Structures are given as structure tokens and as C-alpha cells.
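Asker: Below: one structure in C-alpha cells.
In the working numbering, the protein residues as written are 1374 to 1883.
Encoded structure:
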């Protein structure tokens, strides 16, 4: 018989058993919640879900901001053997209709602020039995506080094993329809044991601030799975992480670790006022490649490296990362101990040093499969290896460099062109705040680079600036790599987790 293992015990009970129950686990809107407090919240939430008829392996959808309610519901569902499904709070009614129907959630725990997007589709969700409302008036639904307040604050974990389903997360959908990624109890502790230990060196005295949200794989690891495994504390921001709010939170809460995506680091750098980040000892980045100019600007302004890495929802967390003291700007770093990575050609043979190929990763944190998508599962999960869909090269020192997605690379005049390489140059220009390069066919049907540019503050979109940017790239890269078109747009299309949706830009190209 398989050994029993429940993820909630590894994140909560171990600290109570070791006498660390009074240590801070969460900081939220000025209040501190100890590990003992969180244990009680988790028990109340788990018992509340059981009172609604939730059984083992039933899905419980979470549509909540980063908050104690999110943590309690997520771990409470796991504790009773149910499966929490985290959903972005930034989506539309149509998105929620598709995702809730796909995961067949029995219960939805949602914040009152998103209910205007749920109400129109409520009657169409035939699997959904209950909606529980947090943070506002419940209307005709069940109030989270009233439901949990009457429940016992003790709850023995369901006898799950390491191979039972723990939680689902939907992939970000940078290339189209999201897929439900199924994670198991056992592998979910690996990100803390590997990235949390070898890269971050996390300890119980650390205070984590993650700009990435809990519904996002990167944010779930940063704010919950990793700090709770190490007995550290998390500072939760419930709303959108606007730059000034992030700086204010850093000044007030004095975090030691900052997790953000490159887009967020760029937004923080765009704030002209000076801010004190002296409490931070590490800055971590993932979700998309960090351009070298952004790394350099951050280090010049704040004296801190940004430790960029590559992971995915399917891998479970970051598997390749830069390490403190040896970060190389413009790369994703080196393989984290405990993982393996390989770059291979389209024929499956290993790529040579410096040669661009497909990146595959294997390690103890990887997901099991995609829910109800067998073909996609076979494409991505290849034995123990995860096919990432990213194009990479690795140098003689073992540093991995991202060259875009497998469907992003451009074949121009017989040469491969990496959009990220062109973007990295454009981002060095003072007039460029953000940019993305995609393929566009010219009058002869030949593929050429097209740059979509968001102007920096004080810069104005104009034909002269477009010509200047083209020349700027020509001066830095091989001539065939420069963008033949420069289109100025107010903002780049992105997923709810901040990743650029290049496929939407490709769709807009003539």
C-alpha cells in the first residue's frame, strides 16, 4: 500500500509539531496570521466544504484575490482530498463559463467583486452546486464568513498519497486555449526543496512579497508552497500590484524576497521617485524572459541582481535559474540541482553547444497530465520529460538562453531570427517602454520581423521614431534582423499573468 501523504500536512502541521505554531505565516492588510491561525482557518474551510457535500477528488474552483481566504480554501480543499482549481480574477464571463464547465467544479468560492461576471453564466453551469461569496454581500449565495465561522477548527487530513491529485492550474494561454494542468500531492513540495533551497536559500526568517498572484503557478509557489514549506511568511496583496502600491508595501512590510515578472520590474523602474529597497536580499523573476537591459537598469538603480529563471505550469515551477553572484544578464541561468534539461534538434538528437533547439526538462515537480486533453498530454509529457515548447541554446558553461517559443522564431532570408534578441536591443532605446516582435509577410509573402512598440513616458509615436528604431537595431545586429515595420500601440496584449500574447499580435498583422 502506498505511503500516506497530504500536502497540507507538509505545509502546516510540520510547523505546529515542531513548536513553530506562533511563527508568522501571513501578513494581510496590516494583520498577522500565525501558522496556528492558518491551521484553524484551513480546518474551518475544509469542514465547510465537506458540509456542502464536497468529497474526495471533487473540484473546488477558487476565484479569489490573494488573501487568507484563498490560502484557507486552497489548503482546506487539499486537506479533505478535494482538488482546488485556481482561476485568474482578471478573466471574462465567457472565459469562466469555459473553464468552470471544463473542470466540472462542484463548488465555486469567489470574491464578491467578480460575481457580476459569474451571475450571467451561473444557470449554465450544470456541475456547479454551490457558490460561496467572500468579501461582500452574498446575495442569493452562501457567505464565506458565515459558513466557515460555525465550523470546527480542527480537521484530520484525508488519507491521500503522494500520487493523488492535489490541485489544478490552467496554463496561461499565450498560444490559445488554456489547459488544466493536474498536479499531485508529492511533487508539489519539490519547488521549495529545490528552487527555494538552492537558488533563494529561503529560511524561516524570510518575508516574501510576490507581485505574481496565487492563481498563477509562479505566484502559488512564491507566496504559498515555498515559504510555507520553509516556515517563512508571505505578504499578500489583494488587488492589482500597481508600482506605487508595491513600493509602499516594501517600505511598510520590509520583505526580504521579491518575486515578480519582467513586466512588473519594468513598471517599477518607470516610477521616477527613489525608493528604499534595502530590506531585500533577493529579487526573483520568471514567467517570461528578462531582457538584459532591464537586469542592468535594476542593478544600477537598486544594487540588486534579478535572478531570472525558466519554468512552466507543467514543470511545476522554475527548473533553470540564475544563481546569486553568478547571474548572466540575458540568460535563464543554469539547471537547478534536482532537475535535468536538454536541448534537442527537431530529429530528437542533442543540439550542439550554442545551437538552438527545443528545451525539455525533467524533475520531481512536474505535473501528471492535462485534464481531458489526451493529444496535448502526449505532445507535452514525453515519459519523464516535459516538452516546454521553448527554443533554447546552452553554452559551454551550462547557461541557457531563450530564443522564443517554438512557433515564435522567424526564418528571415534563410536565417533564424529570435524575437527576444531584437526586443532586447529595442528595449535599450530610451523611447521604448515595452515591445514585442512577431512575423509578418511582406508583399512577396516573405517573412520579416515586425515590432510592436509601447512608447516610454515622454516619447511620441512618429514615423521619424520608427525609422530611428529600425536604424538602432541595424547598428547592433545583423542587417536581416532589423524590424521592417514598427507599429506603435498603447499596450501589448497579455495574459492575466503578464505574459505577452504574441499570437494576438500575429493575428493583427496584415
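Using N, Cα and C, we set each Cβ at its ideal position, and we do this for glycine too. Treat the numbers as computed from the prediction; the structure is a model and nothing was measured.
If you measure between the beta carbons of residue 1507 and residue 1484, is that distance less than 9 Å?
Answerer: Yes, these two residues count as a Cβ contact at 9 Å.
Asker: In its own chain, which residues sit with a C-beta less than 8 Å from the C-beta of residue 1552, not counting the 5 before and 5 after it?
Answerer: These residues qualify, in order along the chain: 1543, 1544, 1743, 1744, 1746, 1749.
Asker: Considering only the beta carbon of each residue, do residue 1671 and residue 1632 sit closer than 9 Å?
Answerer: No, these two residues do not count as a Cβ contact at 9 Å.
Asker: Cβ of residue 1505 within 9 Å of Cβ of residue 1421?
Answerer: Taking 9 Å as the Cβ cut-off, residue 1505 and residue 1421 qualify as a contacting pair.
Asker: Comparing alpha-carbon positions, which option in 1717, 1560, 1816, 1514 lies nearest residue 1898?
Answerer: This structure does not reach residue 1898, given that the chain is present from 1374 up to 1883, and the question cannot be answered.
Asker: Quick check for students: name the residue ranges of the beta strand (DSSP E) that lie wholly in the region 1542-1589, counting only runs of 3 or more.
Answerer: If we require 3 residues or more, the beta strand (DSSP E) runs fully inside the region 1542-1589 come out as 1553-1557, 1580-1583.
Asker: By DSSP, does residue 1867 sit in helix, in strand, or in coil?
Answerer: The answer is strand: DSSP assigns residue 1867 an E or B state.
Asker: Between which two residues does the alpha helix (DSSP H) containing residue 1535 stretch?
Answerer: Residue 1535 -> no alpha helix (DSSP H), and no H or E assigned at all.
Asker: Counting pairs of beta carbons, one from the region 1601-1615 and one from the region 1651-1666, are three or more of them closer than 8 Å?
Answerer: Taking 8 Å as the limit for Cβ pairs, the verdict is that the region 1651-1666 does not touch the region 1601-1615.
Asker: Grab me the residues of residue 1383's own chain with a C-beta within less than 7 Å of its C-beta, minus the 5 sequence neighbours each way, in chain order.
Answerer: Cβ neighbours of residue 1383 beyond the five flanking positions: 1562, 1602.
Asker: Does DSSP put residue 1385 in a helix, a strand or coil?
Answerer: Note: residue 1385 maps to helix in three-state DSSP.
Asker: Looking only at its chain, what residues have a beta carbon closer than 7 Å to the beta carbon of residue 1776, apart from the 5 residues adjacent to it on each side?
Answerer: Closer than 7 Å at Cβ, skipping near neighbours: 1729, 1764, 1765, 1766, 1782, 1791, 1793.
Asker: Would you mind reading off the limits of the beta strand (DSSP E) that contains residue 1766?
Answerer: Taken as a continuous stretch (DSSP letters only), the beta strand (DSSP E) holding residue 1766 covers 1758-1767.
Asker: Go ahead and label residue 1547 buried or exposed: buried means 16 or more other beta carbons lie within 10 angstroms of its beta carbon, across all protein chains shown.
Answerer: Unreliable placement is indicated for residue 1547, whose pLDDT of 48 sits below 50; the coordinate value is still reported in the next sentence. Buried is the call here.
Asker: Quick one: grab the DSSP three-state call for residue 1741.
Answerer: Three-state DSSP puts residue 1741 in coil, outside helix and strand.
Asker: Classify residue 1918 as helix, strand or coil using the three-state DSSP reduction.
Answerer: This structure cannot settle anything about residue 1918, because the visible part of the chain is limited to 1374 through 1883.
Asker: Am I right that residue 1534 and residue 1640 are in contact with their C-beta atoms under 8 Å? What's the rounded C-beta distance?
Answerer: About 43 Å separates the two Cβ atoms, so there is no contact after all.
Asker: Nearest by alpha-carbon distance to residue 1842: which of 1795, 1819, 1870 is it?
Answerer: Here the closest residue by C-alpha is 1795.
Asker: What did DSSP end up calling residue 1662 once you bin it into helix, strand or coil?
Answerer: DSSP places residue 1662 in coil when its eight states are reduced to three.
Asker: Note down the Cα distance separating residue 1386 from residue 1412, rounded to an integer number of angstroms.
Answerer: Their Cα atoms are separated by approximately 8 Å.
Asker: When you compare each of 1528, 1628, 1591 to residue 1577 by their alpha carbons, which one comes out closest?
Answerer: For residue 1577, the nearest C-alpha among the options comes from 1628.
Asker: CA-CA distance, residue 1868 and residue 1441?
Answerer: Approximately 25 Å between the Cα atoms of the pair.
Asker: What span of residues does the beta strand (DSSP E) with residue 1400 cover, start to end?
Answerer: Taken as a continuous stretch (DSSP letters only), the beta strand (DSSP E) holding residue 1400 covers 1397-1401.
Asker: Taking 8 Å as the cut-off, does the region 1466-1482 touch the region 1431-1439 (at least 3 CB pairs, one atom from each stretch)?
Answerer: Yes, they touch.
Asker: Along the chain, where does the beta strand (DSSP E) that runs through residue 1729 open and close?
Answerer: Taken as a continuous stretch (DSSP letters only), residue 1729 belongs to no beta strand (DSSP E), as it is neither H nor E.
Asker: From residue 1593 to residue 1587, what distance separates their C-alpha atoms?
Answerer: Approximately 4 Å, taken between the alpha carbons.
Asker: Using only the alpha-carbon positions, how far apart do residue 1537 and residue 1861 sit?
Answerer: Roughly 49 Å separates the two Cα atoms.
Asker: Note down the Cα distance separating residue 1408 from residue 1531, rounded to an integer number of angstroms.
Answerer: Approximately 20 Å, taken between the alpha carbons.
Asker: Assign residue 1569 to one of two classes, buried (16 or more other C-beta atoms within 10 Å of its C-beta) or exposed (fewer than that).
Answerer: It is buried - the Cβ of residue 1569 has at least 16 other Cβ atoms within 10 Å.
Asker: May I ask you to verify whether the region 1518-1525 touches the region 1710-1730, counting CB pairs closer than 8 Å and requiring at least 3?
Answerer: Taking 8 Å as the limit for Cβ pairs, the verdict is that the region 1710-1730 does not touch the region 1518-1525.
Asker: Based on Cα-Cα distance, which residue from 1754, 1834, 1845 lies nearest to residue 1798?
Answerer: Nearest of 1754, 1834, 1845 to residue 1798, Cα basis: 1845.
Asker: Starting from residue 1722, trace the beta strand (DSSP E) in both directions and tell me its first and last residue.
Answerer: Where residue 1722 is concerned, there is no enclosing beta strand (DSSP E), given that its DSSP letter is neither H nor E.
Asker: Assuming contact is defined by CB atoms lying nearer than 9 Å, are residue 1825 and residue 1865 in contact in what I supplied?
Answerer: Result yes, Cβ atoms of residue 1825 and residue 1865 sit closer than 9 Å.
Asker: Residue 1463 by DSSP, collapsed to three states: which one?
Answerer: It is coil, neither helix nor strand.
Asker: What is the DSSP secondary structure of residue 1754, counted as helix, strand or coil?
Answerer: In the structure shown, residue 1754 sits in a strand (DSSP, three-state: E or B).
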